[in-house]
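Engineer: Questions regarding the structure given below will be posed in turn.
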Ligand code: UDX
């Protein structure tokens, strides 16, 4: 099939690659000339482990091509995926202007039946809105062409994007006609997984509800971690014991300094706004957001309590990205931690394998290092913020000798606490007795 994917961000690019790998001919479109120029040369505009090699192969084979010419792609392709950004507006709702612009362009250009698929995460009701925009444009052209609107949310994780796009645990397709359902079935025929066909609105809600639920698990365990510390219980063991119940499961019960990234914070804000606007505030989700908002301050207060005033102290921030295996720093807990340290007038040395260039733009005055050991040099304390293997696998036994004081605050419970204690560190985890 001939597929157009409009928007070459994270989701759009991963989707394009996955469909091209499943033998569809894919044209990916973006209005950012610089991005398209890079992609044409098989260079990714973001870091994602292993993806560039696959991109090179697909571009060489000609199964995946890139263009800024949306009109031509719309004319040539039967299925049009919309995967443009939906950033948060100032009121917390999702900004749909990019999705709407694409819809207008489709209505202005299409000459035959199209399946228009929304991949971007959009509020419930967006499919209806987009349908109206396309219809309106067609009416202006006095054309009675038919088209279908499908919601096909994406569940991939950064750092595992290609794997997730190729091996999804489920595919959710919200579509209201048999014709579109058949085309979507054909599109995904080579992916062996469960496909759930639901209405447009159900699919839109499934995406928000899934992210909200995962974030709820994280904030739940993080709040429990706080009480575990007070009563001397260990959140790691508690999570293990809970997870053994298959109704609960082990995943997303890793206590830490909170969730970040481009999805959870934005989608939760959007769902909260949508719920309030509909007169149905989501109390549990409000608490989820609030626990996450305060988790870094709670962590930094522990640091301050252990080592005293931070003013003039040399603090090593180990890890800047919102999670390992990505260069994404959006809503990363590291940014809140850096703000806290700056406010307290600490001297910051920061290390990250992939995220330094992005953080440097926001905080040019911080001392960035090329290795984790350089960051630890003469440090009064180390804060483990992102559990990169380069950080977890530091030679901690010897690293102690280059630090001024052996304080390690493990914001991800990623280190072996008993080993750290044996090495002579003052080791502090999240929700563990070593706090
Ligand atoms: C998430 C969803 O997992 C994915 O399905 C959706 O499509 C996009 O949003 P992503 O943002 O890439 O994916 O990251 P994810 O691996 O889910 O982690 C999100 C955040 O939660 C990270 O900051 C991570 O450190 C944190 N997290 C995750 C925890 O603090 N504890 C956990 O147990 C799991």
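Numbering (the working numbering), first residue to last: 70 to 504. Where is the CB? At the ideal position from N, CA and C, for every residue including glycine. Note that the structure is a prediction, hence the values are computed from the model and not measured.
Roughly how many whole angstroms lie between the Cα atoms of residue 148 and residue 185?
Structural biologist: As a working note, residue 148 is residue 79 in the chain shown. As a working note, residue 185 is residue 116 in the chain shown. Spanning the two alpha carbons is a distance of roughly 6 Å.
Engineer: Taking any heavy atom of the ligand UDX as the mark, which residues have a C-beta closer than 5 Å to it, listed down the chain?
Structural biologist: Taken from the N-terminal end onward, the list reads 224, 226, 227, 287, 321, 323, 325, 328, 329, 330, 332, 391 and 392.
Engineer: Determine which residues share a DSSP beta bridge with residue 479 and list them.
Structural biologist: Taking the first residue of the chain shown as position 1, residue 479 is located at position 410. Its beta-bridge partners are 453.
Engineer: By Cβ distance, which residues of its chain are closer than 6 Å to residue 116, with the 5 residues on each side in sequence left out?
Structural biologist: Your numbering for residue 116 matches position 47 in the chain shown. Only 396 and 423 meet the Cβ criterion.
Engineer: Take residue 346 as the anchor and find which of 160, 215 and 447 has the nearest alpha-carbon.
Structural biologist: The residue given as residue 346 occupies position 277 in the chain shown. Closest by alpha carbon: 160.
Engineer: Are the beta-carbon atoms of residue 96 and residue 152 separated by less than 9 Å?
Structural biologist: Mapped onto the chain shown, residue 96 falls at position 27. Mapped onto the chain shown, residue 152 falls at position 83. For residue 96 and residue 152, no; Cβs fall outside 9 Å.
Engineer: In angstroms with no decimal places, state the Cα-to-Cα distance between residue 294 and residue 207.
Structural biologist: By one-based count along the chain shown, residue 294 stands at place 225. By one-based count along the chain shown, residue 207 stands at place 138. The straight-line gap from Cα to Cα measures roughly 56 Å.
Engineer: Measure the Cβ-Cβ separation of residue 372 and residue 353 and say whether it is below 9 Å.
Structural biologist: Position 303 of the chain shown, counted from the start, is the residue given in the question as residue 372. Position 284 of the chain shown, counted from the start, is the residue given in the question as residue 353. No, the Cβ-Cβ distance between residue 372 and residue 353 is not below 9 Å.
Engineer: Just verifying my parser: in three-state terms, what is the DSSP assignment at residue 127?
Structural biologist: For the purposes of this step, residue 127 is taken as residue 58 along the chain shown, with counting starting at 1. Helix, per DSSP.
Engineer: So, for residue 301: in the same chain, excluding its five sequence neighbours on each side, which residues have a beta-carbon less than 8 Å away from its beta-carbon?
Structural biologist: Position 232 of the chain shown, counted from the start, is the residue given in the question as residue 301. Result list for residue 301: 502, in chain order.
Engineer: Starting from residue 134 and walking both ways along the beta strand (DSSP E), at which residues does that stretch end?
Structural biologist: In the chain shown, counting from the first residue as 1, residue 134 sits at position 65. Note, residue 134: beta strand (DSSP E), 133-136.
Engineer: Would you mind working out which of 253, 105, 241 and 179 sits nearest residue 212, comparing C-alpha positions?
Structural biologist: Within the chain shown, numbered from 1, the residue matching residue 212 stands at position 143. Residue 212 has its Cα closest to that of 179, out of 253, 105, 241 and 179.
Engineer: What is the DSSP secondary structure of residue 185, counted as helix, strand or coil?
Structural biologist: Taking the first residue of the chain shown as position 1, residue 185 is located at position 116. In this structure, residue 185 counts as strand in the three-state DSSP scheme.
Engineer: By Cβ distance, which residues of its chain are closer than 7 Å to residue 449, with the 5 residues on each side in sequence left out?
Structural biologist: Taking the chain shown and counting its residues from 1, the one referred to as residue 449 is at position 380. Cβ neighbours of residue 449 beyond the five flanking positions: 376, 382, 383, 384, 473, 474 and 476.
Engineer: Looking at the unbroken alpha helix (DSSP H) that takes in residue 277, where does it start and where does it end?
Structural biologist: Taking the first residue of the chain shown as position 1, residue 277 is located at position 208. Taken as a continuous stretch (DSSP letters only), the alpha helix (DSSP H) holding residue 277 covers 269-300.
Engineer: Anyone know if the C-beta pair for residue 276 and residue 238 falls short of 9 Å?
Structural biologist: Locating residue 276 in the chain shown gives position 207, where the first residue counts as 1. Locating residue 238 in the chain shown gives position 169, where the first residue counts as 1. For residue 276 and residue 238, no; Cβs fall outside 9 Å.
Engineer: In terms of alpha-carbon separation, which member of 310, 320, 254 and 256 lies closest to residue 282?
Structural biologist: Within the chain shown, numbered from 1, the residue matching residue 282 stands at position 213. Looking at the Cα atoms, 320 is the closest of the given residues.
Engineer: Mind pulling the alpha helix (DSSP H) runs of 4 or more residues that sit fully within the stretch 90-126?
Structural biologist: Complete alpha helix (DSSP H) runs here, min 4: 102-109.
Engineer: Less than 9 Å between the C-beta atoms of residue 155 and residue 100, yes or no?
Structural biologist: Locating residue 155 in the chain shown gives position 86, where the first residue counts as 1. Locating residue 100 in the chain shown gives position 31, where the first residue counts as 1. Their beta carbons are not under 9 Å apart, which means residue 155 does not touch residue 100 by this criterion.
Engineer: Assuming residue 214 and residue 86 are in contact, meaning their beta carbons sit under 8 Å apart, how far apart are those beta carbons, in whole angstroms?
Structural biologist: One-based indexing of the chain shown puts residue 214 at position 145. One-based indexing of the chain shown puts residue 86 at position 17. No, residue 214 and residue 86 are not in contact; Cβ-Cβ is about 30 Å, not under 8 Å.
Engineer: Less than 9 Å separating the beta-carbons of residue 189 and residue 269?
Structural biologist: For the purposes of this step, residue 189 is taken as the residue at position 120 of the chain shown. For the purposes of this step, residue 269 is taken as the residue at position 200 of the chain shown. Not in contact: residue 189 and residue 269 (Cβ atoms no closer than 9 Å).
Engineer: Once DSSP output is grouped into helix, strand and coil, what is the label at residue 221?
Structural biologist: Translated into positions along the chain shown, residue 221 becomes position 152. Of the three classes helix, strand and coil, the one that applies to residue 221 here is coil, per DSSP.
Engineer: How is the beta strand (DSSP E) around residue 149 delimited, first residue to last?
Structural biologist: For this step, residue 149 is matched to residue 80 along the chain shown. Run containing residue 149: 148-151, per the beta strand (DSSP E) assignment.
Engineer: Looking at residue 225: is its Cβ nearer than 9 Å to the Cβ of residue 191?
Structural biologist: As a position in the chain shown, residue 225 is number 156, starting the count at 1. As a position in the chain shown, residue 191 is number 122, starting the count at 1. No.
Engineer: Give me the residue from 261, 92 and 80 with the minimum Cα distance to residue 98.
Structural biologist: Against the chain shown, residue 98 aligns to sequence position 29. Residue 80 is the option with its Cα nearest to residue 98.
Engineer: Count the C-beta pairs between the stretch 489-500 and the stretch 295-314 that are closer than 8 Å, then say yes if the count reaches three, no if not.
Structural biologist: Segments in contact, yes.
Engineer: Taking the runs of the beta strand (DSSP E) that are 3 residues or longer, which of them lie wholly in the stretch 362-394?
Structural biologist: DSSP runs (the beta strand (DSSP E)) wholly in the stretch 362-394: 383-387.
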